[in-house]
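This report concerns only the one structure given below.
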Amino acid sequence: MSLVRTALIALFLVAFLQNAAGQKRPQSIVKPRGAVATDDGRCSEIGMSVLQQGGNAIDASVAAALCLGVVSPASSGIGGGAFTVVKIAGGEAIAYDSRETAPLRATENMYGSNPDLKKKGVLSAGLGSNTESSHGSS
């Protein structure tokens, strides 16, 4: 990625986040036919908008989760994991365990004697499955 492109993206993000930080929104929204709660009111608003446009609870939760990945990427996002419980129309509850997993070729001693490999670089990453959970719930 070019230096100019990187600088423009960084500038946009700083401007967006400064504007967003100044606006306090309620974290949960309750309406007669549903409720959405996240740790950022903007994402709750997006989830509620999906419900109001005819989406179901799963649609709303996926939209809200994607929003959280944008406004709070260090805490949430498609690269992370999740636990999801869905009660479908017939009353049955389905649980999804979408926690991060180690890469397929990971081993117990793959870090060797270099403790920094646990914290930085490609070997330190778990494989997120939030997208798997979102897809499986729909």
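Note that the sequence shown covers residues -22 to -1, 1 to 116 in mature numbering (1 follows the signal peptide of the UniProt record, and there is no 0).
Virtual Cβ for every residue (Gly too), placed ideally from N, Cα, C.
Three-state secondary structure (DSSP) of residue i
i: residue 12; result: strand
i: residue 75; result: strand
i: residue 39; result: helix
i: residue 91; result: coil
i: residue 96; result: helix
i: residue 66; result: coil
i: residue 56; result: coil
i: residue 102; result: helix
i: residue 27; result: helix
Contact belief for residue i with residue j at Cβ below 8 Å, rounded distance in angstroms
i: residue 42; j: residue 21; result: 5 Å
i: residue 59; j: residue 39; result: In fact, because the Cβ distance is near 15 Å, the residues do not count as touching under 8 Å.
i: residue 89; j: residue 96; result: 5 Å
Own chain residues within Cβ distance below 6 Å of residue i, not counting five before or after
i: residue 55; result: 47
i: residue 26; result: 7 and 14
i: residue 101; result: 95
Buried or exposed by the 16-neighbour rule on C-beta atoms within 10 Å, applied to residue i
i: residue 116; result: Here residue 116 scores only 48 on pLDDT, less than 50, and its place in the model should not be relied on; the value that follows carries that caveat. Classification of residue 116: exposed, given that the 10 Å Cβ count is below 16.
i: residue 16; result: buried
i: residue 29; result: buried
i: residue 49; result: buried
i: residue 24; result: buried
Residues near residue i by beta carbon distance below 8 Å, same chain, minus five either side
i: residue 61; result: 73, 74, 75, 76 and 77
i: residue 71; result: 63, 64 and 65
Close Cβ partners of residue i (< 7 Å) along its chain, the five nearest in sequence each way excluded
i: residue 103; result: none
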